[in-house]
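Chains as they are written, first to last, in the numbering used here: chain A, 212 to 520; chain B, 419 to 829.
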């Protein structure tokens with residue numbers, strides 16, 4: 212069985228990537244299970260999706276703990292433990308990272324003995340979530356790396372999943388999926404199908420008997436107020452809303468009221484200020500501002516400008 | 419027939435479409451929302467006849483579903499978790515109206531704390547209501563079961579509403595290959611609902627919410643609902659037979675996998691039962707005589723079939739993906755009541771786990787099987803176990819240390 216996990220951020224098309232790969236396997240005669248996993252958060256939050264493919268019916272279920280291939284659309288997720296990118300990665304797992312660094316550098320950094328490949332990185336300064344084809348690119352690369360998906364099946368799979376978006380979007384994504392498929396021809400079949408865990412000689416689970424703790428500890432209370440301020444959700448942002456104060460007419464309420472995270476404060480003189488520590492970059496304010504005084508700029512570009520070093 | 423990749427939510431929506439539901443009262447909740455979104459889109463585009471109405475709560479939604487069913491139309495609705503609980507007063511109430519309709523519940527763990535991921539504590543809260551309750555383990559099973567459950571609920575011998583349950587995330591958002599029944603075949607298997615006397619009209623007033631003064635009348639109506647539910651066991655077999663003839667797929671009330679010569683049997687409901695099935699294959703490879711029993715019907719409870727399948731086995735491992743606070747696993751208690759005092763009753767082991775979607779890795783199934791063999795040797799079951807590892811507790815303690823530090827910093 213092939214067990215493949217895709218990691219990325221909400222908005223990058225990670226669920227779509229898993230569905231394109233799932234359909235490509237399905238069209239190649241495989242039994243398939245594909246699924247996304249996400250929480251209650253929105254654009255920019257870490258998410259993952261997974262695909263199982265086998266020649267016989269699949270009874271495994273739930274998240275993939277021992278992946279054969281891990282595809283990382285956003286390299287900034289690798290060092291975040293909660294994103295779980297490296298969960299279950301062993302020397303038998305192939306890692307494919309969308310990164311300007313070299314595979315050798317990643318191997319040194321991770322010290323997992325896992326082979327690493329890097330996707331030809333997108334041009335500098337381009338915004339991460341502003342690459343709507345990265346999902347298709349990842350799916351195209353993965354389809355080649357497993358070595359059992361024909362180019363024609365990939366074309367059909369992209370059509371299956373994206374035809375509903377219209378001819379232009381379809382062609383755009385198809386071009387990127389096929390470019391990635393072709394770019395990895397040298398590595399076709401690099402992914403090794405993992406075996407099932409055998410019942411003879413398994414590692415026994417380390418079960419424990421839970422004790423009743425004092426209610427003070429055992430109640431899921433959050434002590435203190437405004438603890439969510441400590442979570443710098445601004446780090447998720449791939450697009451940054453920038454207010455042009457020449458244009459802003461100080462209407463005083465539209466952007467600040469409609470911001471789903473309450474990340475726009477209005478000062479006494481009616482000037483709105485964005486709290487970049489917590490703005491997740493959903494761009495609702497950009498869409499609703501009547502005089503179009505808020506622009507969406509690339510976060511990576513803005514950060515590079517702030518610290519040119 | 420062509421197969422296509424569909425999520426559990428997609429399969430549930432297709433079930434409603436193929437059943438030609440006339441009316442869909444709706445209220446959104448994760449992870450169910452996709453079902454009503456899909457139906458809304460089809461109805462909006464004119465691909466599905468029928469009417470969808472958004473209500474202001476699940477309590478109103480269930481009321482609207484039953485009130486519409488009382489006019490003799492075919493009704494479909496769906497909810498999950500806290501939404502099911504919010505509608506629970508009406509779930510219990512409308513079951514006594516004896517009007518059939520179908521509710522798909524997408525299981526999700528209950529608060530507190532809040533989670534989005536699945537376990538069955540939500541749907542088991544509706545266990546004693548009078549709704550029939552069927553649990554699915556694959557996406558194919560969901561679309562098929564919606565059709566079967568309509569026919570069962572609408573049968574004049576039964577006339578009870580039904581819940582078809584699927585697990586959030588691991589079915590609701592998971593795509594698998596599904597063979598959709600052809601519309602003509604679905605129509606043959608499930609013809610238009612013949613409501614007979616169920617014809618509430620504004621011009622012909624009728625009260626469903628009657629009160630009785632006197633325990634004998636009360637008992638009569640409650641017993642009748644119970645007996646109708648039990649009757650559904652026989653009727654289910656007829657319907658499953660008809661379904662198999664039409665579609666070639668067999669959905670018994672109790673799925674028994676590699677059980678004939680099994681000494682040890684896993685006992686589970688829902689999607690994670692497929693993980694137990696996988697463990698059965700691996701254990702068989704290693705020479706262990708093990709099988710899986712998965713009841714699809716939870717209400718009515720298929721006691722006779724369970725006795726036939728499980729008596730004279732050496733041990734049964736009950737894995738409850740639910741928790742009755744202060745007691746333990748619900749299925750363990752139900753199965754104990756089914757087998758106690760019967761000749762050849764197996765030793766019953768109780769494991770509670772997979773709460774809030776926690777994984778059950780293969781090694782845990784292997785260990786349960788090992789403990790079951792031990793228990794069979796001794797003729798005595800070990801204490802019920804809440805599945806939790808030292809590693810999980812270490813991580814929990816880290817979080818609690820942070821919370822403790824913050825607590826001390828407070829003025």
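From the three backbone atoms N, C-alpha and C, an ideal C-beta is built for every residue, glycine too.
Tell me, please, whether the CB atom of residue i is closer than 8 Å to any CB atom in chain B?
| i | result |
| --- | --- |
| residue 270 (chain A) | yes |
| residue 386 (chain A) | no |
| residue 428 (chain A) | yes |
| residue 273 (chain A) | yes |
| residue 416 (chain A) | yes |
| residue 377 (chain A) | no |
| residue 419 (chain A) | yes |
| residue 413 (chain A) | yes |
| residue 374 (chain A) | no |
| residue 212 (chain A) | no |
| residue 340 (chain A) | The predicted model places residue 340 (chain A) with a pLDDT of 46, which falls under 50 and marks its position as unreliable; any figure quoted below should be read in that light. Residue 340 (chain A) does not count as touching chain B. |
By the DSSP assignment, the alpha helix (DSSP H) with residue i in it spans what residues?
| i | result |
| --- | --- |
| residue 815 (chain B) | 808-827 |
| residue 653 (chain B) | 633-665 |
| residue 501 (chain B) | 499-504 |
| residue 601 (chain B) | 601-607 |
Against residue i, what residues of chain A qualify as contacts under a CB-to-CB distance less than 7 Å, listed in chain order?
| i | result |
| --- | --- |
| residue 451 (chain B) | In chain order: nothing, as chain A lies at least about 13 Å away. |
| residue 431 (chain B) | In chain order: nothing, as chain A lies at least about 16 Å away. |
| residue 872 (chain B) | The structure shown does not extend to residue 872 (chain B), since chain B is modelled only from 419 to 829, so the question has no answer here. |
| residue 423 (chain B) | 233, 234, 237, 243 |
Could you give the residue range of the beta strand (DSSP E) that holds residue i?
| i | result |
| --- | --- |
| residue 710 (chain B) | 708-713 |
| residue 218 (chain A) | 213-220 |
| residue 307 (chain A) | 305-309 |
| residue 242 (chain A) | 242-248 |
| residue 756 (chain B) | Taken as a continuous stretch (DSSP letters only), residue 756 (chain B) belongs to no beta strand (DSSP E), being part of the alpha helix (DSSP H) at 748-757. |
| residue 597 (chain B) | 593-597 |
| residue 583 (chain B) | 580-585 |
I'd like the list of long-range same chain contacts for residue i, defined as Cβ closer than 7 Å, with 5 residues on each side in sequence excluded.
| i | result |
| --- | --- |
| residue 536 (chain B) | 525, 526, 527, 585, 586, 587, 588, 775 |
| residue 495 (chain A) | 469, 470, 471 |
| residue 350 (chain A) | 228, 231, 232, 388 |
| residue 675 (chain B) | 695, 698, 709, 710 |
| residue 337 (chain A) | Residue confidence for residue 337 (chain A) is low, a pLDDT of 49 falling below 50, so the modelled location carries little weight and cannot support an answer. |
| residue 680 (chain B) | 707, 708, 709, 731 |
Ordered along the chain, which non-local residues of its own chain (more than five positions away) have a Cβ less than 6 Å from that of residue i?
| i | result |
| --- | --- |
| residue 817 (chain B) | none |
| residue 334 (chain A) | Confidence in residue 334 (chain A) is poor, its pLDDT being 45 and thus under 50, which makes the residue's placement unreliable; the coordinate value appears in the next sentence. Cβ neighbours of residue 334 (chain A) beyond the five flanking positions: none. |
| residue 718 (chain B) | 647, 648, 650, 651 |
| residue 357 (chain A) | 213, 402 |
| residue 502 (chain A) | 458, 460 |
| residue 541 (chain B) | 523, 525, 583 |
| residue 494 (chain B) | 434, 439, 442, 520 |
| residue 551 (chain B) | 581, 716, 717 |
| residue 842 (chain B) | Absent from the structure is residue 842 (chain B), since the part of chain B shown begins at 419 and ends at 829. |
Which bits of chain A does residue i rub up against, with CB to CB less than 8 Å?
| i | result |
| --- | --- |
| residue 706 (chain B) | 410 |
| residue 818 (chain B) | 428 |
| residue 534 (chain B) | 250, 251 |
Got a sec: is the Cβ-Cβ distance from residue i to anything in chain A below 8 Å?
| i | result |
| --- | --- |
| residue 821 (chain B) | yes |
| residue 695 (chain B) | yes |
| residue 779 (chain B) | yes |
| residue 701 (chain B) | yes |
| residue 685 (chain B) | no |
| residue 784 (chain B) | yes |
| residue 825 (chain B) | yes |
| residue 427 (chain B) | no |
| residue 830 (chain B) | There is simply no residue 830 (chain B) to check, as chain B begins at 419 and stops at 829 in what is shown. |
Along chain B, which residues have their Cβ under 9 Å away from the Cβ of residue i?
| i | result |
| --- | --- |
| residue 276 (chain A) | 777, 779 |
| residue 515 (chain A) | Going along chain B, no residue has its Cβ under 9 Å from residue 515 (chain A), so there is no contact; the nearest lies around 34 Å. |
Name, please, each residue of chain A whose Cβ falls closer than 9 Å to the Cβ of residue i.
| i | result |
| --- | --- |
| residue 689 (chain B) | 272, 273 |
| residue 511 (chain B) | The premise fails here: residue 511 (chain B) is roughly 32 Å from chain A at the closest Cβ pair, so nothing lies under 9 Å. |
| residue 636 (chain B) | Per Cβ cutoff of 9 Å: no residues; residue 636 (chain B) is ~40 Å from chain A at best. |
I'd like the list of long-range same chain contacts for residue i, defined as Cβ closer than 8 Å, with 5 residues on each side in sequence excluded.
| i | result |
| --- | --- |
| residue 556 (chain B) | 589, 594, 689, 692 |
| residue 725 (chain B) | 756, 757, 760 |
| residue 399 (chain A) | 355, 356, 358 |
| residue 456 (chain B) | 427, 428, 431 |
Quiz prompt | Contacting positions in the region 223-256 of chain A - beta carbon closer than 8 Å to chain B | solution = 230, 233, 234, 237, 242, 243, 244, 245, 246, 247, 248, 250, 251
Quiz item: In chain order, what residues of the region 789-814 of chain B put their CB closer than 8 Å to some CB of chain A?
Solution: 803, 804, 805, 806, 807, 808, 809, 811
Quiz item: Between the region 591-615 of chain B and chain A, which residues of the former have CB atoms less than 9 Å from a CB of the latter, in chain order?
Solution: 591, 592, 593, 594, 595
Quiz item: Any residues in the region 429-460 of chain A with a beta carbon nearer than 7 Å to a beta carbon of chain B? Which ones, in chain order?
Solution: 431, 434, 435
Quiz item: Which residues, in order along the region 388-409 of chain A, keep a beta-carbon less than 7 Å from a beta-carbon of chain B?
Solution: 407, 408, 409
Quiz item: When you check each C-beta in the region 518-532 of chain B against every C-beta of chain A, which residues fall closer than 8 Å?
Solution: 530, 531
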